[in-house]
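Taking it in order: structure first as structure tokens, then the write-up.
There are 2 protein chains.
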Amino acid sequence: MSKVAKFNREEVIDKATNLYWSKGYHGTSMRNLQTAIDLRPGSIYATFGSKDNLFKESINYYAAQTGELLEICLAQSATPLTGLKLFIRNLVIDNLDGKPSCMCMIVKSISELTDTDNKELLDEAKRLLANVENKFSEIITEAMAQGEIDSDKDASELASYIQVQIIGLRTYARVNNNEETINKFIDEIFIGSPFY
Amino acid sequence: MSKVAKFNREEVIDKATNLYWSKGYHGTSMRNLQTAIDLRPGSIYATFGSKDNLFKESINYYAAQTGELLEICLAQSATPLTGLKLFIRNLVIDNLDGKPSCMCMIVKSISELTDTDNKELLDEAKRLLANVENKFSEIITEAMAQGEIDSDKDASELASYIQVQIIGLRTYARVNNNEETINKFIDEIFIGSPFY
DNA sequence: TTTTTAATGGAACACTCGTTCATTATACAG
DNA sequence: CTGTATAATGAACGAGTGTTCCATTAAAAA
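Chains A and B supply the protein sequences, listed in that same order. Using my numbering, the letters of the first sequence map in sequence onto residues 1309 to 1504. Using my numbering, the letters of the second sequence map in sequence onto residues 1309 to 1504.
The following block contains the structure:
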């Protein structure tokens, strides 16, 4: 046949993801991407088609990575809930070195993109966030089966609650990253609000 | 003297705020603003100096408006905590008709802007969010004085907690706006997590 | 070694960006 | 009514945008 691409596709997507993650969709230009991933326009457009499509692949890659982290945390932990807690601690406190942002790339995208100007990408981000919530719901259902949570609770409602807490904490951490306070908040997710 | 400006400054800032709020800093172009506020570049630059400065005035206007809403809620309520709860309910559920976004403009800005590219605007947004948190802290201190909360709690920690909850809920509401669930979450802020 | 085929590099396109400025319009002072 | 000061206009600027195009390059197949 012919020549084969010399760059590593996943490596390129990884770099693109980091740039989009740190600067956002509108804040990232194709020139920025060209230098970050070290490819010329011809190669980028032959491989990914458009800025929008590269973003779509990037945010999917991000979601997949996050999913893997969750699996690792669950595998390392004795129970579903302690696994979930480890996952949250990883996202909000540890594991941030060299990461483009302490905020969730999906949440950043949902915050930035609009229904009028970027409907397709926004819907993709919403879909990925819903996937995560479904995964949480499964974990909580498993925790109920194991007796770690009362079975009369609503798994999908608890999953929503976890989602709200993670979104709130990661965003708040961008402004005020007091590790002690945030650690306390993570503990309190599962035991009751500090008001109680 | 001479001619006097015929447009209303606050009206213009109000319209600019709504546009920035819905489309974000990078998503809003000066052309978008020109048509939204019905002023030509000359007038805009003579009055506001730059896109950055207009954004700064807009986000300050937004923060002032939000502060006024909080005052109204407190004045309408019997106790500091019920006032705070009314405020949260207003932000997350009611009072959204015709609003550019259910999300907080300050949080959207903190999410979008970067230290490297927009340091000054980012710092301004962080400052405004800290102001809100200080106000929460004052309200909670007042609630302690009135015996509505145990006095041995840490007011500034509770204020952080409120901040996390509002950020989480408003952002989550953008994706999944189930009024019943969100109402329940607002109640639970002050009485204990659904896990408890 | 030759042919074939796709990856690559990078100039260039049409358009939009934030911003400037010479010009025109208008209201008030004299 | 005239002169003057300032607000408003909108064409235009240089730089940057996402994207296209195609000559060149390089490696696999014949």
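For every residue, glycine included, the Cβ atom is placed at its ideal position computed from N, Cα and C. The structure presented is a predicted model; accordingly, all values stated were derived computationally and were not measured.
By the 10 Å Cβ neighbour count, where 16 or more other Cβ atoms means buried, how is A:F1498 classified, buried or exposed?
What you label residue 1498 of chain A is simply residue 190 of the first sequence in a count that begins at 1. Buried.
When you compare only the Cα positions, how much space is there between B:I1437 and A:G1476? Stepping through the second sequence from its first residue, residue 1437 of chain B is reached at position 129. Stepping through the first sequence from its first residue, residue 1476 of chain A is reached at position 168. The displayed chain sequence assigns Leu, not Ile, to residue 1437 of chain B. Roughly 14 Å separates the two Cα atoms.
If distances are taken between C-alpha atoms only, which option among A:L1327, A:K1314, A:C1381 comes closest to A:S1366? One-based indexing of the first sequence puts residue 1366 of chain A at position 58. That would be A:L1327, whose Cα lies nearest to the Cα of A:S1366.
- Message: With H, G and I counted as helix, E and B as strand and the rest as coil, what does DSSP make of B:C1381?
- Response: Residue mapping note: residue 1381 of chain B aligns to position 73 of the second sequence, counting from 1. DSSP places B:C1381 in helix when its eight states are reduced to three.
Start-to-end residues for the alpha helix (DSSP H) that takes in B:S1419: Reading the second sequence from its first residue, position 111 is the one you call residue 1419 of chain B. Per DSSP, B:S1419 belongs to the alpha helix (DSSP H) from 1413-1420.
Are the C-beta of B:F1493 and some C-beta of chain A separated by less than 8 Å?
On the second sequence, residue 1493 of chain B is found 185 positions in, with the first residue counted as 1. Yes - at least one Cβ of chain A is within 8 Å of the one on B:F1493.
- Query: In terms of residues, what are the limits of the alpha helix (DSSP H) holding B:I1396?
  - Reply: For the purposes of this step, residue 1396 of chain B is taken as the residue at position 88 of the second sequence. Taken as a continuous stretch (DSSP letters only), the alpha helix (DSSP H) holding B:I1396 covers 1388-1400.
Just to confirm, is the Cβ distance from A:I1470 to A:V1400 under 8 Å?
As a working mapping, residue 1470 of chain A is identified with position 162 in the first sequence. As a working mapping, residue 1400 of chain A is identified with position 92 in the first sequence. Their beta carbons are not under 8 Å apart, which means A:I1470 does not touch A:V1400 by this criterion.
Which value, in whole angstroms, describes the spacing of the CA atoms of A:D1360 and B:I1396? As a working mapping, residue 1360 of chain A is identified with position 52 in the first sequence. As a working mapping, residue 1396 of chain B is identified with position 88 in the second sequence. Rounded to whole angstroms, A:D1360 to B:I1396 spans 35 Å at the Cα level.
field: Cβ of B:Q1454 within 8 Å of any chain A Cβ
entry: Translated into positions along the second sequence, residue 1454 of chain B becomes position 146. Chain A contact via Cβ: absent.
TODO: Helix, strand or coil for B:S1366, going by three-state DSSP, please let me know.
DONE: The sequence position of residue 1366 of chain B within the second sequence is 58, counting from 1. In this structure, B:S1366 counts as helix in the three-state DSSP scheme.
List the residues of chain A whose Cβ lies closer than 8 Å to the Cβ of B:I1475, in chain order. Locating residue 1475 of chain B in the second sequence gives position 167, where the first residue counts as 1. Those within 8 Å of B:I1475 in chain A are I1475, G1476, T1479, Y1480.
- Query: B:E1319: which of B:V1312, B:H1334, B:Y1369 sits nearest, CA to CA?
  - Reply: The residue you call residue 1319 of chain B lines up with position 11 of the second sequence. Checking every option, the nearest Cα to that of B:E1319 belongs to B:Y1369.
Check: Using a beta-carbon distance cut-off of less than 7 Å, what residues from the segment 1397-1431 of chain A approach chain B?
Finding: M1411, V1415, K1416, I1418, S1419, E1420, T1422, D1425
What is the rounded straight-line gap between the Cα of A:A1481 and the Cα of A:C1410? What you label residue 1481 of chain A is simply residue 173 of the first sequence in a count that begins at 1. What you label residue 1410 of chain A is simply residue 102 of the first sequence in a count that begins at 1. Using only the alpha carbons, I get a separation of about 7 Å.
Just reading off the alpha helix (DSSP H) that B:V1320 is part of, what are its end residues? Residue mapping note: residue 1320 of chain B aligns to position 12 of the second sequence, counting from 1. Where B:V1320 is concerned, the enclosing alpha helix (DSSP H) stretches over 1317-1331.
Among A:K1416, A:R1348, A:L1394, A:I1321, which has the Cα closest to the Cα of A:A1372? If you number the first sequence from 1, residue 1372 of chain A lands on position 64. Checked all of A:K1416, A:R1348, A:L1394, A:I1321; the closest Cα to A:A1372 is A:I1321.
* Could you say which of A:C1381, A:T1343, A:L1389 lies nearest to A:E1496 if we only look at CA atoms? => For this step, residue 1496 of chain A is matched to residue 188 along the first sequence. Checked all of A:C1381, A:T1343, A:L1389; the closest Cα to A:E1496 is A:L1389.
- Message: For A:F1493 and A:E1487, I'd like the C-alpha separation in whole angstroms.
- Response: Within the first sequence, the letter at position 185 stands for residue 1493 of chain A. Within the first sequence, the letter at position 179 stands for residue 1487 of chain A. Whole-angstrom Cα-Cα distance: 10 Å.
Practice prompt. For the alpha helix (DSSP H) containing B:I1475, list its first residue and its last residue.
Written response: For this step, residue 1475 of chain B is matched to residue 167 along the second sequence. Taken as a continuous stretch (DSSP letters only), the alpha helix (DSSP H) holding B:I1475 covers 1463-1483.
### Task
Can you grab the Cα-Cα spacing for the pair A:E1420 / A:E1428, in whole Å?
Reading the first sequence from its first residue, position 112 is the one you call residue 1420 of chain A. Reading the first sequence from its first residue, position 120 is the one you call residue 1428 of chain A. Cα to Cα, the separation comes out at about 13 Å.
Quiz item: Which chain A residues are close to B:K1434, counting only those with a beta carbon under 8 Å from its beta carbon?
Solution: Taking the second sequence and counting its residues from 1, the one referred to as residue 1434 of chain B is at position 126. The contacting residues are V1483.
Interface residues of chain B around A:Q1257 at Cβ under 9 Å?
Lying outside 1309 to 1504, the shown extent of chain A, residue 1257 of chain A is not represented and no answer is given.
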